[in-house]
Amino acid sequence: EDQVTQSPEALRLQEGESSSLNCSYTVSGLRGLFWYRQDPGKGPEFLFTLYSAGEEKEKERLKATLTKKESFLHITAPKPEDSATYLCAVRSPPGGATNKLIFGTGTLLAVQP
Amino acid sequence: NAGVTQTPKFQVLKTGQSMTLQCAQDMNHNSMYWYRQDPGMGLRLIYYSASEGTTDKGEVPNGYNVSRLNKREFSLRLESAAPSQTSVYFCASSVKGQGDSGANVLTFGAGSRLTVL
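Going down the list, the sequences are from chains A and B.
Here my numbering is used: the first residue of the first sequence is 1, the next is one more, and so on.
Here my numbering is used: the first residue of the second sequence is 1, the next is one more, and so on.
Here is the structure:
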């Protein structure tokens, strides 16, 4: 069964304290791993897509990396505005709708000034 | 740009009542989706529509029906609401249709918070 597990469930950082969020997955044929950011009371907002092991994507203080079993979201020198829930999702293999995403439960990040 | 618009934002129902959640997108996307989000469960797919005129069940379809009214609109109906359907519902859309390769980025609405008493 396809599965996505995120850790930790919650993370509290001081402003400027770098850290990483983990997303481990088991899927029969990865067709894309996605990172989303979700602010309280809002819908998820797309951040990155990764397709193959070794691939990296960067956006401001965020960098996503991918291995064959997991992805990391590295946050460098975070600011309070980076506080949000970060969601990881994998795209299920073909069969029926090829565009379905399976989501993890997210990591709630709080960055204190 | 409005993106994906959901109505209503909040709704309280009594057990057994029916209601429809509305969703509209103005990005000319092919695919539309309904997810529910519950604490500790993550986002779970209820129904999706890979293109206008088609709908398919997702992971948790029981107790729900959908209608893809046209390319822009995708509604979710609860025929007889139950307390287990208390949740936050998200509509999403993506430009890719079924069978399309490449990145499939979902754009989400702001959510509809439903409470069933």
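Cβ atoms here follow ideal geometry from the backbone N, Cα and C, with glycine treated the same way.
Beta bridge counterpart(s) of residue i as assigned by DSSP
i: His74 of chain A; result: A:Ser20 and A:Lys63
i: Tyr86 of chain A; result: A:Arg37 and A:Thr107
i: Leu13 of chain B; result: B:Val116
i: Lys57 of chain B; result: B:Tyr47
i: Met41 of chain B; result: DSSP, once it has assigned bridges, lists no residue as partnering Met41 of chain B.
i: Ala92 of chain B; result: B:Tyr33 and B:Phe108
i: Ala118 of chain B; result: Any answer about residue 118 of chain B is impossible in this case: the structure gives chain B only from 1 up to 117.
Beta-carbon neighbours of residue i, restricted to chain B and to distances below 8 Å
i: Gly106 of chain A; result: Gly42
i: Phe46 of chain A; result: Val105, Leu106 and Thr107
i: Arg91 of chain A; result: Asn104
Residue i - DSSP class collapsed to helix/strand/coil
i: Asp122 of chain B; result: For chain B, the structure presents residues 1 to 117; residue 122 of chain B sits outside this window and is missing.
i: Leu69 of chain B; result: coil
i: Glu1 of chain A; result: coil
i: Glu81 of chain A; result: helix
i: Ser84 of chain B; result: helix
i: Ser28 of chain A; result: coil
i: Gly95 of chain A; result: Since pLDDT at Gly95 of chain A reaches only 48, below the 50 mark, its modelled position is unreliable, and the value read off the structure follows with that caveat. It is coil, neither helix nor strand.
i: Lys57 of chain A; result: strand
i: Tyr51 of chain A; result: coil
i: Glu45 of chain A; result: strand
i: Ser18 of chain B; result: coil
i: Gly99 of chain B; result: Bear in mind that a pLDDT of 49 at Gly99 of chain B, under 50, signals an unreliable position, so the number given afterwards is only what the model happens to contain. In the structure shown, Gly99 of chain B sits in coil (DSSP, three-state: anything other than H, G, I, E or B).
Distance between beta carbons of residue j and residue i, contact taken as under 8 Å
i: Tyr89 of chain B; j: Arg77 of chain B; result: With a Cβ gap of about 12 Å, Tyr89 of chain B and Arg77 of chain B do not count as contacting.
i: Gly109 of chain B; j: Cys23 of chain B; result: 6 Å
i: Glu59 of chain B; j: Arg72 of chain B; result: The Cβ separation is near 25 Å, so there is no contact.
i: Cys23 of chain A; j: Gln6 of chain A; result: 5 Å
i: Ser83 of chain A; j: Leu109 of chain A; result: 6 Å
i: Leu117 of chain B; j: Lys14 of chain B; result: 5 Å
Where residue i meets chain A, residues with beta-carbon distance less than 7 Å
i: Leu45 of chain B; result: Lys100
i: Phe10 of chain B; result: Those within 7 Å of Phe10 of chain B in chain A number zero; the least Cβ separation is about 11 Å.
i: Phe90 of chain B; result: Gly43
i: Tyr64 of chain B; result: The contacting residues do not exist; Tyr64 of chain B stays about 16 Å from chain A at best.
Under 8 Å by beta carbon: chain A residues contacting residue i
i: Ala110 of chain B; result: Gly41, Lys42 and Gly43
Within chain B, partners of residue i - CB distance below 7 Å
i: Phe103 of chain A; result: Gly42 and Leu43
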